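A.B. asks: All the letters of the sequence shown, read from the start, carry residue numbers 115 to 486 under my numbering.
Ideal Cβ placement from N, Cα and C applies to all residues, glycine included.
Model, not experiment: these values are computed from the prediction.
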Amino acid sequence: MKIGCPTEIKPQEFRVGMTPDAAREAVAHGHDVLIQSGAGNGAGFTDADYSASGATMIGTAAEVFAQADMIVKVKEPQAGERKMLREGQLLFTYLHLAPDPEQTHDLLASGCTAIAYETVTDDRGGLPLLAPMSEVAGRLAPQVGAWTLQKANGGRGVLMGGVPGVAPAKVVVIGGGVVGTHAAKIAAGMGADVTVLDRSLPRLRYLDDVFGGTFKNQYSTAGATAELVAQADMVIGAVLIPGAAAPKLITRAQLSDMKPGAALVDVAIDQGGCFETSRATTHAEPIYEVDGIMHYCVANMPGAVARTSTQALGNATLPFLLNLADKGWKQACEDDPHLLNGLNVHAGQLTYYAVGKALGIDVISPNLALKS
Ligand SMILES: NC(=O)c1ccc[n+]([C@@H]2O[C@H](COP(=O)([O-])OP(=O)(O)OC[C@H]3O[C@@H](n4cnc5c(N)ncnc54)[C@H](O)[C@@H]3O)[C@@H](O)[C@H]2O)c1
Numbered sequence: 115m116k117i118g119c120p121t122e123i124k125p126q127e128f129r130v131g132m133t134p135d136a137a138r139e140a141v142a143h144g145h146d147v148l149i150q151s152g153a154g155n156g157a158g159f160t161d162a163d164y165s166a167s168g169a170t171m172i173g174t175a176a177e178v179f180a181q182a183d184m185i186v187k188v189k190e191p192q193a194g195e196r197k198m199l200r201e202g203q204l205l206f207t208y209l210h211l212a213p214d215p216e217q218t219h220d221l222l223a224s225g226c227t228a229i230a231y232e233t234v235t236d237d238r239g240g241l242p243l244l245a246p247m248s249e250v251a252g253r254l255a256p257q258v259g260a261w262t263l264q265k266a267n268g269g270r271g272v273l274m275g276g277v278p279g280v281a282p283a284k285v286v287v288i289g290g291g292v293v294g295t296h297a298a299k300i301a302a303g304m305g306a307d308v309t310v311l312d313r314s315l316p317r318l319r320y321l322d323d324v325f326g327g328t329f330k331n332q333y334s335t336a337g338a339t340a341e342l343v344a345q346a347d348m349v350i351g352a353v354l355i356p357g358a359a360a361p362k363l364i365t366r367a368q369l370s371d372m373k374p375g376a377a378l379v380d381v382a383i384d385q386g387g388c389f390e391t392s393r394a395t396t397h398a399e400p401i402y403e404v405d406g407i408m409h410y411c412v413a414n415m416p417g418a419v420a421r422t423s424t425q426a427l428g429n430a431t432l433p434f435l436l437n438l439a440d441k442g443w444k445q446a447c448e449d450d451p452h453l454l455n456g457l458n459v460h461a462g463q464l465t466y467y468a469v470g471k472a473l474g475i476d477v478i479s480p481n482l483a484l485k486s
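1. Can you find at least 3 beta carbon pairs, one from the segment 379-399 and one from the segment 148-158, that sit closer than 8 Å?
2. Comparing C-alpha positions only, which one of GLY290, ALA306, GLY294, VAL234 sits nearest to VAL272?
3. When every heavy atom of ligand 1 is checked, does at least one fall within less than 7 Å of the C-beta of ASP384?
4. Sorted by chain position, which residues of the same chain lie with C-beta nearer than 7 Å to GLY269's C-beta, five sequence neighbours on each side aside?
5. Leaving out the 5 sequence neighbours to the left and right, which residues in its chain are closer than 7 Å to GLY275 when beta-carbon positions are compared?
6. Is it the case that the CB of ARG317 approaches a heavy atom of ligand 1 more closely than 7 Å?
7. Using beta-carbon positions only, say whether LEU315 and ASN331 come within less than 8 Å of one another.
8. Got a sec: does ligand 1 put a non-hydrogen atom nearer than 7 Å to the Cβ of ARG313?
9. Please indicate yes or no: does the CB of PRO400 lie closer than 7 Å to some heavy atom of ligand 1?
10. Hey, out of THR121, HIS143, GLU122, whose CA is closest to VAL435's CA?
11. I need the straight-line Cα distance from MET171 to PRO120, nearest angstrom please.
12. Is the CB-CB distance between GLU232 and LEU241 below 8 Å?
13. Please state whether DSSP places MET348 in a helix, a strand or coil.
14. Mind checking which residues open and close the beta strand (DSSP E) that includes ILE75?
15. Taking the beta strand (DSSP E) that PHE206 belongs to, which residues open and close that run?
16. Need the endpoints of the alpha helix (DSSP H) that ASP488 sits in, please.
17. Suppose contacts are defined by Cβ-Cβ distances below 8 Å. Is LEU243 in contact with THR431 by that definition?
18. If I follow the unbroken alpha helix (DSSP H) through ASN481, where does it start and stop?
19. When every heavy atom of ligand 1 is checked, does at least one fall within less than 7 Å of the C-beta of ALA301?
20. Using 7 Å as the cut-off, classify the Cβ of ASN331 as near or not near the heavy atoms of ligand 1, replying yes or no.
21. Run through DSSP, which three-state label would CYS119 get?
22. Just to confirm, is the Cβ distance from ALA327 to ASP312 under 8 Å?
23. For a test of your reading of the model: does the CB of LEU209 fall under 7 Å from any non-hydrogen atom of ligand 1? Yes or no.
24. By the 10 Å Cβ neighbour count, where 16 or more other Cβ atoms means buried, how is ASP449 classified, buried or exposed?
25. Return the CA-CA distance between ILE229 and ASP405, expressed in angstroms with no decimal places.
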């Protein structure tokens, strides 16, 4: 199969769909890998790295789209890229179609087959191609929170680990899923005094069993949250209610109970944010202040560490990518129902129920698409 990987063109996107290592594996499987020249620059991979892996460098995105049987990307195709997709071509990338009718209609019109990273599932009910980005954002949260806490950035001037004779920062993590667990691990590793709040008792039991000696955990109620937040130097928002906007767990009025210069890091901002005063920010201007409390609310946190994020995403996508290339999408999806869950669009028809419901478009079952 000819596998094409163009340069990402969405603003502020520095990741790339395939690493040189992924290219090497695909070439070893007998495939041709076509990488747009410069595609890896933002993540620190040079054209020479790709060439050494056996990939062919291609001058323009138009040529990559024209020659490839499968396009591998990170972000949803932008309007210009969608015009280059064609009937029978396979697209493997993040799509997030439900809030994006324009993209959905363009993909349907193109006749391509589109598999979305975010809806591929695993045996444990997880989302294996979303998890690496939650791991990255979770581990990054205490790092950016620590920076926000510095005096020059408007913060309280508290060091995460304290020093001998001075107490460490108090960090509260709301939501103990993938983001929250990784955030708590790193904050505790920096020496902070960390408490994780969650509503799921099985999750709290797991956190207690595995991390009981590293950080504390508590059942999440409005009362417990208010009490802990009032004492906190940093609060990390990491809740998720699947398919819903994030619940607002800290109100504006509560900010006045907090310590001046405390930091709120709202990782859940991509679902609307879990603090009432959160609004999405960018890496160029990541923080702002409300009522003396510093807010960090970057919606695409993994972009700050594009190299790590590209490698983490590449590790997760590679087995699926190789299956798609080796077997063709139909056989690969027939053999793996989790990959089939990723199928969103095929030959002008929508195959993902939740997207159809959100956009009022008819849907056919993915199994029917397999037989077409
Ligand atoms: N900003 C970014 O760049 C970025 C990157 C990755 C993920 N995210 C977002 O981070 C959020 C968390 O993702 P995740 O992968 O950790 O999800 P997850 O499903 O693994 O974990 C969410 C946790 O929140 C808990 N929860 C739900 N309601 C709660 C409440 N009221 N109080 C306390 N806990 C509650 C759930 O029990 C669950 O354990 C999502 O909104 C995700 O989209 C943002």
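C.D. replies: The structure says:
1. The segment 379-399 makes no contact with the segment 148-158: fewer than 3 CB pairs, one atom from each, lie closer than 8 Å.
2. Selected option, being the one with the closest Cα: ALA306.
3. yes
4. The beta carbon of GLY269 sits closer than 7 Å to the beta carbons of THR262, LEU263, GLY375, ALA377, MET408 from its chain, once the five residues preceding and following it are set aside; these are given in chain order.
5. PRO282, MET304, GLY305, ALA306
6. Yes, ligand 1 has a heavy atom inside 7 Å of this Cβ.
7. no
8. Taking non-hydrogen atoms of ligand 1 into account, the C-beta of ARG313 is found less than 7 Å away from one of them.
9. no
10. Before going on, a small fix: residue 435 reads as Leu here, not Val. Residue HIS143 is the option with its Cα nearest to LEU435.
11. The alpha-carbon of MET171 is positioned some 10 Å away from that of PRO120.
12. yes
13. strand
14. As shown, the chain starts at 115 and ends at 486. That puts residue 75 outside it, with no answer to give.
15. Per DSSP, PHE206 belongs to the beta strand (DSSP E) from 204-207.
16. Here the chain covers residues 115 to 486 and nothing more, so residue 488 does not appear.
17. yes
18. 480-485
19. no
20. no
21. strand
22. According to the sequence displayed, residue 327 carries Gly and not Ala. It is not a contact, given that the beta carbons lie outside the stated cut-off.
23. Between ligand 1 and the CB of LEU209, the shortest heavy atom gap is not smaller than 7 Å.
24. So ASP449 counts as exposed.
25. 44 Å
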